[in-house]
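A.B. asks: One structure, as structure tokens, below. Some questions next.
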Amino acid sequence: MNQLKMRLKDGMSIFWQSHKVYKKLQKHLDKQPVGFPATVSGVELRLLRDAFTVKEAELALELDYKFQSFEDVFEKVKDRGIYEADLQAMLDNMESHGAIFVKIVDGKKQYALHPFAVGIFEMKVPTMNASYYMDFRKYVYQSFAMAFLSTPLPQMRVIPVEKSVTPDLNIATYDEVRELVLQNDGHIALAECVCRKGKDSIGRPCMETDRREVCIGFGDFADMYTRNGFGWPITKEEAFEILAQNEKDGLVLMPSNSQEAQFVCSCCKCCCACLEGVSMLAKPAEFVKNNYYAVLDAEKCIECGKCGKKCKMEAIKMQQMEDGKKVKAIAIDLKRCIGCGVCVAACKSGALTLAKKDKQTAPPKDMDTLYEEIMKQKKGTAKRTLHMGRKVIGF
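Okay, so the sequence shown: first residue is 0 according to numbering that gives the first Met the number 0, each after it adds one.
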């Protein structure tokens, strides 16, 4: 009996010590640009246990959103008795399951913390399961959505689908998906959509597309995908084909909010937590970075109703016709329109077109600059909550 008590005591002590490490890591991640806020339920700690061993969590406390060389990391931990070979093995293992972001500069690896999303969650593609996905959903709606949506500069933006772009629109290169592909020729990777795999795991498959290989990574993201088996390399021609099919399926193009794009997600409201959450808000257009909006010429509407079905934000006001079968587009709510162009691509009569916003916003040059800008404007928890609360109810 005494031995059993001692074992239980030792077990509780080990658990409590590990709990403190993961709690420290949660607080550390919350200080990064996107944040990783705590919840009452503690579901975020389960997500961290999935991503990091205790020793890896302790090591992650020495990293942040800025990339560091191996030598810089070793300098921080060498007094703990960690040998260089052991440190390299830990960092390699953390990279292999997507716990940290690694890029190669001049032939040498550099290390940084991922945000939870876009980052740790997306690297769960190979091992996604129902238990993890339900924890993810709980965390998003209990706490993380506020961190993700309340940054002054979002991590992602919306660009128009190719079919909606006309020559007179004079679109900027960073808003044109074809240009994003061309500028990354040779460093392009394809991955399964982690959001749709999550929905598959709970028996709720995507209602927009049967395909899962729709997410495209560029540059350092693409290299990390292929290096660790999260995705595989593709040519620019293959990327164009995939994006064309994504457009046919009515998916929304959401690249990283940087001129040198790291990825392009192809999103739907039924699977993408970002689009799903934004669609529930009073004014989705305030939360989504984009440079365009849809314009309706109601006289040209042929009452097919396709645009209303395709719009993820329910921004198009539809009117039922007298025959009870046809529906007519009569107005666009610009507070809800996110300028994706999906409705324009679906409209066969030319009743819908895209127009430029008066104020055009150029995204930051790259992801490093984006995170620096987010960090400069980062609000405390109280201000962030108040800011979000006002926007959610439409003030």
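Just so you know, even glycine gets a beta-carbon here, dropped at the ideal spot from N, CA and C.
Note down, one range per segment and in chain order, each beta strand (DSSP E) of at least 3 residues found wholly within the region 181-205.
C.D. replies: Listed in chain order, the complete beta strand (DSSP E) runs (minimum 3 residues) inside the region 181-205 are 187-191.
A.B. asks: If distances are taken between C-alpha atoms only, which option among K308, D49 and I99 comes closest to Q67?
C.D. replies: Counted from its first residue, the sequence shown places residue 67 at position 68. Per the Cα distances, I99.
A.B. asks: If contacts are defined as beta-carbon pairs under 8 Å, then C336 and A293 qualify, I think. What distance do you get, rounded to the angstrom?
C.D. replies: Locating residue 336 in the sequence shown gives position 337, counting from the first residue. Locating residue 293 in the sequence shown gives position 294, counting from the first residue. Going by Cβ atoms, the distance from C336 to A293 rounds to 5 Å, so yes, they are a contact pair.
A.B. asks: With distances taken Cα to Cα, identify the nearest neighbour of G185 among P232, M317, P36 and A354.
C.D. replies: Taking the sequence shown and counting its residues from 1, the one referred to as residue 185 is at position 186. Of the candidates P232, M317, P36 and A354, the one whose C-alpha sits nearest the C-alpha of G185 is P232.
A.B. asks: At the 7 Å Cβ level, is V39 part of the contact set with chain B, yes or no?
C.D. replies: Included in the structure is just one protein chain, with no chain B present.
A.B. asks: Please say whether K334 and A284 have beta carbons closer to each other than 7 Å?
C.D. replies: Translated into the one-based positions of the sequence shown, residue 284 becomes position 285. Translated into the one-based positions of the sequence shown, residue 334 becomes position 335. Yes.
A.B. asks: What distance in whole Å lies between the Cβ atoms of I119 and D222, which are believed to be in contact at a cut-off of 8 Å?
C.D. replies: Looking up residue 222 in the sequence shown gives position 223. Looking up residue 119 in the sequence shown gives position 120. Not a contact, Cβ separation roughly 18 Å.
A.B. asks: For R195, count neighbouring C-beta atoms within 10 Å of its own C-beta (all shown protein chains included) and say buried if the count is 16 or more, exposed if not.
C.D. replies: Counting from 1 along the sequence shown, the entry for residue 195 is found at position 196. Buried.
A.B. asks: What whole-angstrom Cβ distance do K268 and S278 have, given they're in contact under 8 Å?
C.D. replies: If you number the sequence shown from 1, residue 268 lands on position 269. If you number the sequence shown from 1, residue 278 lands on position 279. Contact flag correct, Cβ pair sits at about 5 Å.
A.B. asks: From A129, L112, N128 and R45, pick the residue whose C-alpha is nearest to that of M93; which is it?
C.D. replies: By one-based count along the sequence shown, residue 93 stands at place 94. Comparing Cα-Cα distances from M93 to each of A129, L112, N128 and R45, the minimum goes to L112.
A.B. asks: If you reduce the DSSP assignment to three classes, tell me which class V157 lands in.
C.D. replies: Here residue 157 corresponds to residue number 158 of the sequence shown, with the count starting at 1. If DSSP states are grouped into helix, strand and coil, V157 belongs with coil.
A.B. asks: Under 7 Å Cβ to Cβ from Y110, same chain only, skipping five residues before and after it: list those, please.
C.D. replies: Position 111 of the sequence shown holds residue 110. Here the set comprises L62, F66, Q67, V72, L90, I99 and V101.
A.B. asks: Which word fits K309, buried or exposed, when buried means at least 16 other C-beta atoms lie within 10 angstroms of its C-beta?
C.D. replies: If you number the sequence shown from 1, residue 309 lands on position 310. Per the 10 Å Cβ criterion, buried.
A.B. asks: Per the contact definition of three or more C-beta pairs closer than 8 Å, is the region 295-304 in contact with the region 208-224?
C.D. replies: Contact between the region 208-224 and the region 295-304 is absent, because fewer than three Cβ pairs lie under 8 Å.
A.B. asks: Which residues in the same chain as S257 place their Cβ atom closer than 6 Å to its Cβ, once the five residues preceding and following it in sequence are excluded?
C.D. replies: Position 258 of the sequence shown, counting from 1, holds the residue named residue 257. So the list reads P362, P363, D365, M366 and L369, once near-sequence residues are dropped.
A.B. asks: A188 and T150: beta carbons closer than 7 Å?
C.D. replies: Translated into the one-based positions of the sequence shown, residue 188 becomes position 189. Translated into the one-based positions of the sequence shown, residue 150 becomes position 151. Not closer than 7 Å, so no.
A.B. asks: Go ahead and label G216 buried or exposed: buried means 16 or more other beta carbons lie within 10 angstroms of its beta carbon, across all protein chains shown.
C.D. replies: Sequence index remark: in the sequence shown, residue 216 carries index 217 (1-based). That one is buried.
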